[in-house]
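First the structure, in the form of structure tokens, and then the observations on it.
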Amino acid sequence: MSKERIKIAEELFDIMPVEYQDLVKRATYGNGQRGWKDIGNAKELIEEHSLCAGCPESMAFRYILASLPNPEDTVMVGSTGCTSLVFPHVAVHNIHSLFGNQNAVASGLKRALTVRFPDRHKDVVVLAGDGATVDIGLDMTLQAWFRQEKFTTICFDNELYANTGGQESGLMQKGFVAKMAPVGKTFEKVRLPEIARESGCHYVVNCTVSKPNLIEKVIKNAVHVAREIGPTYLQLYTPCILEIGKNSMEGLQEMRDSEKPTERFAYKEYVSEPAKELLAELAAKEKERKAEAKKQLAGQSA
Amino acid sequence: MTTSYRVMPGPEHFLPPSAASMGIRLPDPGQGHIHGSIVSEEEALEEAARQFLSAKVPTIFPGPLVLWAWNDKAAKKAKAIRHLYETIKECVDSSCQHAMLIPMPDYRPKYPKINPEIEINPNHPNLTIWHNKIDACMFVGVHCHQANLSLKIIRGGTNCYTIAMCAQAGHEDAMVSVRDATADKIIKLADWVKKLKGSVAPPAEYSA
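Just so you know, the protein sequences line up as chains A and B, in that order.
Here the first sequence stands for residues 45 to 346, where the numbers follow our numbering.
Here the second sequence stands for residues 15 to 222, where the numbers follow our numbering.
Here it is in structure tokens:
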């Protein structure tokens, strides 16, 4: 959908609830420079969410939605889990797939959009939990990467099946005891970032969502690389505070503790050679744009 | 197929049957239906106007197809809807009747709930009907599936009279339905409201 079509009929504008009026007047559709700093200044693309108080996933959603480079031409594909409780409040086109099918659905969607809109960038972003990505949907996840499908896969890794009460997942750390996994995990956390790299992903990042500027950078990189080159994968730690016995205020600290250099969410990045070239090119263009803007600003004040 | 079933104001049942499953059929072009009986389009428009004029809280529920200016046609319809609303407001007795225009901006289930004073949602339209004590309403610019869902829930749990101004083939689940809605047809309905002004008895008491 083009942003020009996001327009309320003039005659009925006054009866529309204020959140829709705000979406038209104060949202950042079409703004190439949008980012996490718009949070609090512009209308966000997420309404009140229905997640638990203090849930890091809600932070992640806010940062991701603020960082998508092209939200009016982006379709997000979700799957079963807590994320599916949030998508109804998101002002970006989205599809709820069957549990685990998300990368298969996204493959078809991306191909169809490419045929239907050959002259326009249509971004597809999968956002699913670790159960959907690594356990139930691993086949679909890997096959999409093998086929070099051009979309981004984001995994909200909370290291268990949080939405259903705490069952063991492939991304759970070894030895962890959860409410519905009383024996404790007997094998290591699946190393999906490494698997993604070996499966053909061109941009892979493993990190937490404690730093909004970092999330903005990796989201933009992942979407641009997926658009031009091939599949990208982001594994973001969004701990379920309830299932790991933390309070509402402790989510951020949990992420900070888990991203220390020796911890499992220490920042890890893999960029393929073609992706490196593309990102360097984009960085150069951005530098040029900033210099030009600075020059114009200087000209105005002179 | 003939049927004795009539689509009447509820509350009919917790889960009312779909009118189609009870043998009610859709009107052909140029026709409408009243309570499931096929009539001419003019008759259906006249009955809709009568219902607006005799209701305590006559309400129009415009949906996303007209709330958003997708194209010129949608913008024209939005203008016609505003005109219809203003006409109803002018023609009813303001001492005992209160016309409303409430949008259905979204089909998504909203949490924790919608604000029934300012919007209606197809997943629980009864909340808005109950809250505002709406006794006659018209859906326009709502996608068919969501309109059917709302119409059934309203028939099931409220005594509200429902009218569907449909851009496609009409709605069996409404008490009155007109098909192939255009801006002109909406204006024609406003003309019927004007024409019948004073000839329809207003509600006995106003309790909204």
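Ideal placement from N, C-alpha and C gives every residue a C-beta, glycine not left out.
Please list the segments of the beta strand (DSSP E) lying wholly inside the segment 263-291 of chain A, counting only runs of 3 or more residues, in order along the chain. 276-281
By Cβ distance, which residues of its chain are closer than 8 Å to residue 209/B, with the 5 residues on each side in sequence left out? By 1-based counting over the second sequence, the position of residue 209/B is 195. Result list for residue 209/B: 63, in chain order.
Extent of the continuous beta strand (DSSP E) to which residue 122/A belongs: The residue labelled residue 122/A in the question sits at position 78 within the first sequence. Where residue 122/A is concerned, the enclosing beta strand (DSSP E) stretches over 118-122.
Return helix, strand or coil for residue 313/A, following the three-state DSSP convention. The residue you call residue 313/A lines up with position 269 of the first sequence. Of the three classes helix, strand and coil, the one that applies to residue 313/A here is strand, per DSSP.
Does the separation of the CB atoms of residue 70/B and residue 105/B fall below 8 Å? In the second sequence, counting from the first residue as 1, residue 70/B sits at position 56. In the second sequence, counting from the first residue as 1, residue 105/B sits at position 91. No.
From this set, 172/B, 94/B and 184/B, which residue's C-alpha is nearest residue 42/B's C-alpha? For the purposes of this step, residue 42/B is taken as the residue at position 28 of the second sequence. Closest option to residue 42/B, Cα to Cα, is 184/B.
Rounded Cβ spacing between residue 290/A and residue 298/A (contact assumed at less than 8 Å): Start at 1 with the first residue of the first sequence, and residue 290/A comes out as number 246. Start at 1 with the first residue of the first sequence, and residue 298/A comes out as number 254. Residue 290/A to residue 298/A, Cβ: 6 Å. Contact.
Using three-state DSSP, classify residue 84/B as helix, strand or coil. One-based indexing of the second sequence puts residue 84/B at position 70. Coil at residue 84/B, not helix or strand.
Contacts that residue 88/B makes with chain A (C-beta to C-beta distance below 8 Å): For this step, residue 88/B is matched to residue 74 along the second sequence. Those are 53, listed as they occur along chain A.
Quick one: give me the first and last residue of the alpha helix (DSSP H) that residue 239/A is part of. The residue you call residue 239/A lines up with position 195 of the first sequence. 236-242 is the extent of the alpha helix (DSSP H) around residue 239/A.
Please determine, among 66/B, 56/B and 44/B, the residue with the shortest C-alpha to C-alpha distance to residue 215/B. Locating residue 215/B in the second sequence gives position 201, counting from the first residue. Selected option, being the one with the closest Cα: 66/B.
Close-in-space but distant-in-sequence residues of the same chain around residue 63/A (CB under 7 Å, 5 per side omitted): To locate residue 63/A, count along the first sequence from 1; it is residue 19. Correct list, in chain order: 91.
Identity of the residues DSSP links to residue 76/B by a beta bridge: Your numbering for residue 76/B matches position 62 in the second sequence. Paired residues: 154/B.
Could you pull the DSSP bridge partners for residue 53/B from this structure? Indexing the second sequence from 1 puts residue 53/B at position 39. Bridge partners of residue 53/B: 46/B.
Taking only beta-carbon positions, decide if residue 139/B is within less than 8 Å of chain A. Within the second sequence, residue 139/B is the residue found at index 125, counting from 1. Chain A, which has no Cβ nearer than 8 Å to the Cβ of residue 139/B, makes this no.
For residue 311/A, does the count of other Cβ atoms within 10 angstroms reach 16, so buried, or fall short, so exposed? On the first sequence, position 267 is the one that residue 311/A refers to. By the 10 Å Cβ count, residue 311/A comes out exposed.
Rounded to the nearest angstrom, how far is the Cβ of residue 191/B from that of residue 180/B, given a contact under 8 Å? Within the second sequence, numbered from 1, the residue matching residue 191/B stands at position 177. Within the second sequence, numbered from 1, the residue matching residue 180/B stands at position 166. Indeed they touch by this definition, with Cβ atoms about 6 Å apart.
Could you have a look at residue 18/B and say whether DSSP puts it in helix, strand or coil? On the second sequence, position 4 is the one that residue 18/B refers to. Of the three classes helix, strand and coil, the one that applies to residue 18/B here is coil, per DSSP.
Hey, is the segment 92-101 of chain A in contact with the segment 180-199 of chain A, meaning 3+ C-beta pairs nearer than 8 Å? no
Quick one: what does DSSP say residue 68/B is sitting in, helix, strand or coil? For the purposes of this step, residue 68/B is identified with residue 54 of the second sequence, where counting begins at 1. In the structure shown, residue 68/B sits in a helix (DSSP, three-state: H, G or I).
What would DSSP say about residue 94/B, mapped onto helix, strand or coil? Numbered from 1 along the second sequence, position 80 holds the residue referred to as residue 94/B. In the structure shown, residue 94/B sits in a helix (DSSP, three-state: H, G or I).
Could you name the residues of chain B that residue 256/A contacts, counting a contact when the two beta carbons are closer than 9 Å? Locating residue 256/A in the first sequence gives position 212, counting from the first residue. Correct list: empty, because the minimum Cβ distance to chain B is about 25 Å.
Helix, strand or coil for residue 222/B per DSSP? Residue mapping note: residue 222/B aligns to position 208 of the second sequence, counting from 1. With a pLDDT of 43 at residue 222/B, under the threshold of 50, the modelled position of that residue is not reliable, and the figure given next carries that caveat. The answer is coil: DSSP assigns residue 222/B none of H, G, I, E or B.
Output the boundary residues of the alpha helix (DSSP H) element that contains residue 149/B. On the second sequence, residue 149/B is found 135 positions in, with the first residue counted as 1. No alpha helix (DSSP H) contains residue 149/B, which DSSP labels as neither H nor E.
Beta-carbon of residue 64/A versus every beta-carbon of chain B: anything under 8 Å? Reading the first sequence from its first residue, position 20 is the one you call residue 64/A. Chain B contact via Cβ: present.
Please determine if the segment 175-185 of chain A and the segment 196-210 of chain A are in contact, where contact requires at least 3 C-beta pairs separated by less than 8 Å. yes
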